[in-house]
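Encoded as structure tokens, the structure appears first; notes follow it.
Residue numbers (this note's numbering), protein chains in the order written: chain L, 1 to 385; chain F, 1001 to 1370.
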């Protein structure tokens, strides 16, 4: 296998291994815990490195993962005191642990060939040089084996505990009532996240692990509300961005992890803007539509209330309801297109359909059942705002 | 250098003086504005923005080609603001939650910044070295003009804070009410956010991207424990921040191989820890003491109630009873009995106790307070 292929393979494995826990972190509103873990494992890595002198040793990964879990426990302990809010607790714990790590490195700079840059930023390009050699035979890059192992474990646990994870993510109370301890699942997820972060930091760096965890999941979340689809989509986004990022870095001659993140960012930005129903453009369009339709309703109610001619003149709209010209024209056009009003000699009257709609709408406003109005609009409107 | 050397040289040595002043001012402004971030539940905004500032620094360098701090910080400010408003847009316009939005902006901007930095490093331009000092911060690179910049920004910020004090305060505690009063909440909101971003950008050079969030949070979180008053909290946070800066600089200057940023953060962390434990109103220590006090009172009352129930059945309330009948009772210990005697509610003679008039009244009114 040549180095290029190996790098892409490692990137793919890292992307998948990160995307799976990432989905659950995003859904549980704990995305920032991954950021906290990725920074606070530093002291664990440093201490592990003092002992083993090898960045890929299982002991080091174990120690660092323990530090990650300790971070979570510390954050929760501070939260439990009620002295500060959760996010403040996160913001206090990880810089402190990170500082300890930086100081440990600085104080032992002469003995340790470990650099804060290396931990934070990682360098995928060097990953193929560190080979795993079993009884004299070169079986491939070490980090591929490490990450592959982590990925297998993650996937295994995902399949084994899918139902439990799902129920505890969406309804912790129900999951506790059914006998799946949310606490155990919580710490299980935290452990998996810690281990993944530790395994991946060498390849992509601590900060960019966060991108690989959150960005694919957030992108998928904008496209679907189905957990299985979300998992599949985020894995797809993660892997394509990782491979596209590698080639971009190849052509720009720049950091692989940086360009992987940039591609992830571009993918997210595209989906954020153009996602069919949850994207920015769709949301803004829908909000504009709803605004016009609310204006229309106000206008119809106004017509319904007033029989006198002076209140039903077209110009009167501008004065009485104080709408701008454009807006009143949009509303009038929409009402006319939907056959809700008829205009004769600048005089607006409700049609029978308009009257029916207004009466129903009044009833809606009085009983105030939120979902009703959308069906009503579907029934009455040929054209939407 | 020993710590005492540091304090004797801090006024005479140019470098030490500059760095100390710089970190002190930085700590003060971060504490001040951090109070708002903490109270607005935007604690991690600082973390996201400091990371989001990185591509701004790189782009500013790519465009101008200079390493002038002010130009680079301007770039950082712009990209920090873009990050902030994107976070806000994501939270209001999509169903992504604030934690996801923060994490996204943090990691995506930072990754893009890294891409640009590595791209710059490969350029045949010898001028680029030293851009990565913004990653971890190097207080040692502070020069007098940087300190002046910080001082000016801090005073501007102070003036704005005093001018808009009422607006900031009311927005902080009741945003809806502010709106109904006719204040332009969006303007106030943008103003305070702008200053928070400004403070973060200023700190990048000194403590770096990663630790900036702690600079913002820690003094404010510590100050919060001592008071419930906004003005006091801000002043306290500024003081804590300034002292963390000075002590951090002192410690790192007196040791070899200690970078200033992490030490400042750890000193601020000590302030937080101390406040968490020892603050009289909210601190863990005094809270625990109050819990014990209440528990003891409750036990005392339980014993008294039990005695009262016995005494009630006798015509003479001070009829003596054997102490050992209390033995199987949960609230009873030698200490509680002793305390009851001290309060003159019960009198003991030999192995018998008897209730006093005063104790009987107290027990009768135990549950009819007011």
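In this text, a Cβ means the ideal position worked out from N, Cα and C, and glycines have one as well.
For residue i, which of helix, strand or coil comes out of DSSP?
i: residue 1086(F); result: helix
i: residue 1167(F); result: helix
i: residue 1356(F); result: coil
i: residue 1282(F); result: coil
i: residue 1312(F); result: helix
i: residue 83(L); result: coil
i: residue 1344(F); result: coil
i: residue 1296(F); result: helix
i: residue 349(L); result: strand
i: residue 1339(F); result: helix
i: residue 1013(F); result: coil
i: residue 74(L); result: helix
i: residue 186(L); result: helix
i: residue 1027(F); result: helix
i: residue 137(L); result: strand
i: residue 132(L); result: strand
Answer yes or no: do residue i and residue j have a C-beta to C-beta separation smaller than 8 Å?
i: residue 1082(F); j: residue 1102(F); result: no
i: residue 198(L); j: residue 61(L); result: yes
i: residue 1291(F); j: residue 1283(F); result: no
i: residue 78(L); j: residue 93(L); result: yes
i: residue 10(L); j: residue 194(L); result: no
i: residue 1060(F); j: residue 1261(F); result: no
i: residue 1025(F); j: residue 1151(F); result: yes
i: residue 1272(F); j: residue 1050(F); result: no
i: residue 1207(F); j: residue 1137(F); result: yes
i: residue 1003(F); j: residue 1009(F); result: no
i: residue 88(L); j: residue 1078(F); result: no
i: residue 1275(F); j: residue 1226(F); result: yes
i: residue 331(L); j: residue 357(L); result: no
i: residue 31(L); j: residue 154(L); result: no
Output needed for residue i: all residues of its chain with C-beta closer than 8 Å, excluding positions within five of it in sequence on either side, in chain order.
i: residue 182(L); result: 168, 172, 175 and 176
i: residue 1356(F); result: 1318, 1344, 1345, 1346 and 1347
i: residue 140(L); result: 1, 6, 131 and 132
i: residue 1175(F); result: 1185
i: residue 273(L); result: 279, 280 and 281
i: residue 1011(F); result: 1017
Could you name the residues of the same chain whose beta carbon sits closer than 7 Å to that of residue i, not counting the 5 residues immediately before and after it, in chain order?
i: residue 1351(F); result: 1322 and 1323
i: residue 1305(F); result: 1363 and 1366
i: residue 124(L); result: 7, 10, 11, 203, 204, 256 and 257
i: residue 348(L); result: 303, 312, 314 and 341
i: residue 1055(F); result: 1079, 1109, 1112, 1113 and 1116
i: residue 1096(F); result: 1090
i: residue 384(L); result: 289
So, for residue i: in the same chain, excluding its five sequence neighbours on each side, which residues have a beta-carbon less than 6 Å away from its beta-carbon?
i: residue 1044(F); result: 1102
i: residue 1027(F); result: 1241, 1242, 1244 and 1245
i: residue 36(L); result: 71, 90 and 94
i: residue 1308(F); result: 1363
i: residue 228(L); result: none
i: residue 1189(F); result: none
i: residue 1336(F); result: 1299, 1300 and 1303
i: residue 305(L); result: none
Please list, in chain order, the chain C residues whose beta carbon lies closer than 9 Å to that of residue i.
i: residue 1218(F); result: Chain labels in this structure do not include chain C; the protein chains are L and F.
Could you round the C-beta distance between residue i and residue j to whole angstroms and report it? I think they count as a contact, below 8 Å.
i: residue 1122(F); j: residue 254(L); result: 7 Å
i: residue 1247(F); j: residue 1267(F); result: 5 Å
i: residue 1036(F); j: residue 1196(F); result: 7 Å
i: residue 1339(F); j: residue 1300(F); result: 6 Å
i: residue 1254(F); j: residue 1006(F); result: 5 Å
i: residue 191(L); j: residue 69(L); result: 6 Å
i: residue 1052(F); j: residue 1105(F); result: 5 Å
i: residue 1040(F); j: residue 1172(F); result: 6 Å
i: residue 1063(F); j: residue 1076(F); result: Incorrect: roughly 13 Å between the Cβ atoms, too far for contact.
i: residue 230(L); j: residue 220(L); result: 5 Å
i: residue 223(L); j: residue 292(L); result: About 27 Å separates the two Cβ atoms, so there is no contact after all.
i: residue 22(L); j: residue 234(L); result: 7 Å
Practice task
Kindly confirm or deny that the region 39-50 of chain L and the region 161-178 of chain L touch, where touching means at least three C-beta pairs closer than 8 Å.
Solution key: no
Handout entry: Meets three-Cβ-pair contact criterion under 8 Å: the region 212-226 of chain L and the region 20-38 of chain L
Key = By the Cβ rule, the region 212-226 of chain L counts as touching the region 20-38 of chain L, because three or more pairs are nearer than 8 Å.
Problem - At least three beta-carbon pairs within less than 8 Å, the region 1217-1226 of chain F to the region 1140-1159 of chain F - result: Put simply, the region 1217-1226 of chain F does not touch the region 1140-1159 of chain F. Fewer than three CB pairs are less than 8 Å apart.
Handout entry: the region 1110-1118 of chain F / the region 254-267 of chain L touching (three or more Cβ pairs under 8 Å)
Key = Three or more Cβ pairs closer than 8 Å define a contact, and the region 1110-1118 of chain F meets that threshold against the region 254-267 of chain L.
Exercise for the section: Decide if the region 1152-1170 of chain F is in contact with the region 1028-1038 of chain F; the criterion is three or more beta carbon pairs, one per stretch, under 8 Å apart. Expected result: yes
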